[in-house]
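In my numbering, the protein residues as written are 1 to 380.
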């Protein structure tokens, strides 16, 4: 009997395990820091564009969502500093996330690293949820108040995310007490590595994120919007779904099957990529006015070209008419039926006419038709 072929996640896990022997995804601390700094710079550019749009173009003051996004970016950069600290103490790049293969030269330095990592975990999750609260604050402005059901769903989502953040902090604090055990070097006293805790934190984060990403699709389904605008919004919020799918695949294909052999530099890079993608998704909706400005600029350029073209056509027609008059002098004889001198200036009907060679005051006279087709001038 032929052996059954692996399917689904198991197939990806075996495929990944086959490649792990070649260190395909293993990175050094310097490479991890470089990638994280590049992502941080790109997100900072988006935040700068967001602030310039609000302050420089729209002439508005910053709102709560802007401050939350910037605070989330600071938390992401602070999380990156953990890799910088490990790079500074020359920690080997193949150090496992459990530190099982690490032999510190100076115990006090290792204790400092463990304390630093313990504090960075709080900053990391704080940045996650600040980003979520920034998105929810945008929803508070966008969702119409007359849609009671959607507003109640939004309030419930806000409450669930507050609860998720508090639950995450309590899990980190209370799963290993007293707290100093988190940086103890005594094997009998140190906190054991428990993958179930990481799974619980990830499940809480993913569950609260799904609630946030689903809300816009509930409201956009019944709204009357132009097709390009709706497609743009679907793409913007669809990026969040891409982030969730990528995070799930990386966790269950990369992190979960090989957790015992996972290097800490790889783990930090994975979490950093997930965090910065989340920040990017949170920044994109507020940058949508730039698309309208680009379309407006393109329309103005086309209108300017059309105006110049019409002016050129008008000048050509006037020149043609002038040459036609010069070739037919009899057309320039004054009409005997009109009381207005042919030398009188061209005027606007009802605003300025001439009478006996003298300019009348504005709005003093108007033209009236006579029963037999003649023309007379009567005072207003």
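Glycine included, C-beta positions come from ideal geometry on N, C-alpha and C.
Note that the coordinates shown come from a computational prediction; the quantities given were computed from them, not determined experimentally.
Residue i, buried or exposed, once every other Cβ within 10 Å from all chains shown has been counted against 16
i           : result
residue 181 : exposed
residue 234 : exposed
residue 132 : buried
residue 59  : exposed
residue 36  : buried
residue 94  : exposed
residue 130 : buried
residue 383 : Because the chain in this structure spans residues 1 to 380, residue 383 falls outside the shown range and cannot be described.
residue 219 : buried
residue 83  : buried
residue 126 : buried
residue 161 : buried
residue 217 : exposed
residue 269 : buried
residue 164 : buried
residue 134 : buried
Neighbourhood of residue i by C-beta distance below 6 Å, restricted to the same chain and skipping five residues each side
i           : result
residue 46  : 283
residue 175 : 197
residue 391 : There is simply no residue 391 to check, as the chain begins at 1 and stops at 380 in what is shown.
Cβ neighbours of residue i in the same chain (closer than 7 Å, five flanking residues each side left out)
i           : result
residue 236 : 284, 285
residue 201 : 168, 171
residue 246 : none
residue 157 : 136, 211, 212, 215
residue 64  : 137
Backbone CA spacing between residue i and residue j [nearest angstrom]
i           : j           : result
residue 43  : residue 49  : 10 Å
residue 199 : residue 155 : 27 Å
residue 190 : residue 184 : 5 Å
residue 203 : residue 123 : 18 Å
residue 142 : residue 178 : 45 Å
residue 267 : residue 224 : 44 Å
residue 110 : residue 207 : 35 Å
residue 173 : residue 151 : 33 Å
residue 105 : residue 31  : 24 Å
residue 279 : residue 221 : 25 Å
residue 228 : residue 294 : 14 Å
residue 249 : residue 205 : 15 Å
residue 76  : residue 67  : 14 Å
residue 389 : residue 187 : Because the chain here runs from 1 to 380, residue 389 falls outside it and cannot be looked at.
residue 238 : residue 144 : 21 Å
residue 33  : residue 71  : 20 Å
residue 116 : residue 81  : 9 Å
residue 101 : residue 90  : 15 Å
residue 121 : residue 252 : 21 Å
residue 159 : residue 128 : 16 Å
residue 140 : residue 153 : 11 Å
residue 195 : residue 271 : 15 Å
residue 149 : residue 209 : 20 Å
residue 51  : residue 166 : 30 Å
residue 103 : residue 287 : 48 Å
residue 292 : residue 118 : 45 Å
C-beta contact flag for residue i and residue j at 8 Å
i           : j           : result
residue 275 : residue 61  : no
residue 86  : residue 69  : no
residue 281 : residue 240 : yes
residue 96  : residue 262 : yes
residue 39  : residue 273 : yes
residue 289 : residue 74  : no
residue 29  : residue 265 : yes
Sequence-distant residues of its chain with Cβ nearer than 8 Å to residue i (five each side left out)
i           : result
residue 147 : 219
residue 301 : Bear in mind that the predicted position of residue 301 carries a pLDDT of just 49, short of 50, making it unreliable; the figure below should be weighed with that in mind. Result list for residue 301: empty, nothing under 8 Å.
Pick out the complete alpha helix (DSSP H) segments inside the segment 122-196, 4 residues or longer, and give them in chain order.
-> Whole alpha helix (DSSP H) segments, 4+ residues: 148-174.
Segments assigned beta strand (DSSP E), at least 3 residues, entirely inside the segment 21-102 | None, since the segment 21-102 contains no complete beta strand (DSSP E) of that length.
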